[in-house]
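Undergrad: Numbering (my numbering), first residue to last: 1 to 162.
Backbone N, C-alpha and C define an ideal beta-carbon position, used for all residues, glycine too.
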């Protein structure tokens with residue numbers, strides 16, 4: 001999705017006091033923490049968090065927790081790079097990019113082949129997910145996480161409340 005459009009749409013939803021209504025989040029991958037799972041980075045000029053969405057870094061992944069019941073649009077894009085660096089991919093390998101709800105409930109999965117000397121972007125969502133207050137979502141990849149492109153802005157995780 002066009003991030004600027006998503007941000008604009010969500011910021012347009014304001015209450016009588018001018019505060020943003022609904023939850024809004026857009027974060028980049030934290031490549032340095034990627035060895036044990038997908039962890040995400042807040043605080044750079046390309047990330048934002050609004051409306052009470054929480055982020056928690058767990059041992060194996062980072063998860064988002066929503067503040068209120070509702071329908072949320074959730075999405076993630078992850079770019080893989082088997083072309084540059086110390087790529088030792090000797091043949092095409094299956095990989096997956098998965099969106100989970102509340103730890104272990106599968107919401108959506110994208111399966112693909114990671115090929116030698118290539119760039120590939122995997123996408124889950126945007127998908128509508130009904131969440132209750134304090135529900136959480138996270139994304140995971142299979143065993144080929146070491147091939148995630150070494151640019152945090154190439155991989156994102158985001159959500160907004162409708």
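#1: By how many angstroms is the C-alpha of residue 90 removed from the C-alpha of residue 109?
#2: Quick check: the Cα distance between residue 36 and residue 132, rounded to an integer number of angstroms?
#3: Going along the chain, which residues of its own chain have a beta-carbon closer than 6 Å to the beta-carbon of residue 104, five neighbours each way excluded?
#4: Can residue 114 and residue 73 be called in contact, C-beta distance under 7 Å?
#5: How would you call residue 95, buried or exposed, if buried means at least 16 neighbouring beta carbons within 10 angstroms?
#6: Would you call residue 148 buried or exposed, if buried means 16 or more other Cβ atoms sit within 10 Å of its Cβ?
#7: So, at 7 Å on beta carbons, what are the nonlocal neighbours of residue 106 in its own chain, with the 5 sequence-adjacent residues on each side left out?
#8: Return the first residue and the last residue of the beta strand (DSSP E) that residue 112 is part of.
#9: To the nearest angstrom, how far is the alpha carbon of residue 130 from that of residue 160?
TA: Here's the rundown:
#1: For this step, residue 109 is matched to residue 109 along the chain shown. For this step, residue 90 is matched to residue 90 along the chain shown. One C-alpha to the other measures close to 25 Å.
#2: The residue you call residue 36 lines up with position 36 of the chain shown. The residue you call residue 132 lines up with position 132 of the chain shown. With a pLDDT of 42 at residue 36, under the threshold of 50, the predicted position of this residue should be treated as unreliable, and no value is reported.
#3: Translated into the one-based positions of the chain shown, residue 104 becomes position 104. Contacts found: none.
#4: Mapped onto the chain shown, residue 114 falls at position 114. Mapped onto the chain shown, residue 73 falls at position 73. No; because the gap between Cβ atoms is not below 7 Å, this pair is not in contact.
#5: By one-based count along the chain shown, residue 95 stands at place 95. Answer is buried; the Cβ neighbour count reaches 16.
#6: The count along the chain shown starts at 1 and reaches residue 148 at position 148. Buried, by the Cβ-count rule.
#7: Translated into the one-based positions of the chain shown, residue 106 becomes position 106. So the qualifying residues of the chain are 98 and 100.
#8: Position 112 of the chain shown, counted from the first residue, corresponds to residue 112. Counted as a single uninterrupted DSSP element, the beta strand (DSSP E) harbouring residue 112 occupies residues 105-114.
#9: Your numbering for residue 130 matches position 130 in the chain shown. Your numbering for residue 160 matches position 160 in the chain shown. So the two alpha carbons sit approximately 12 Å from each other.
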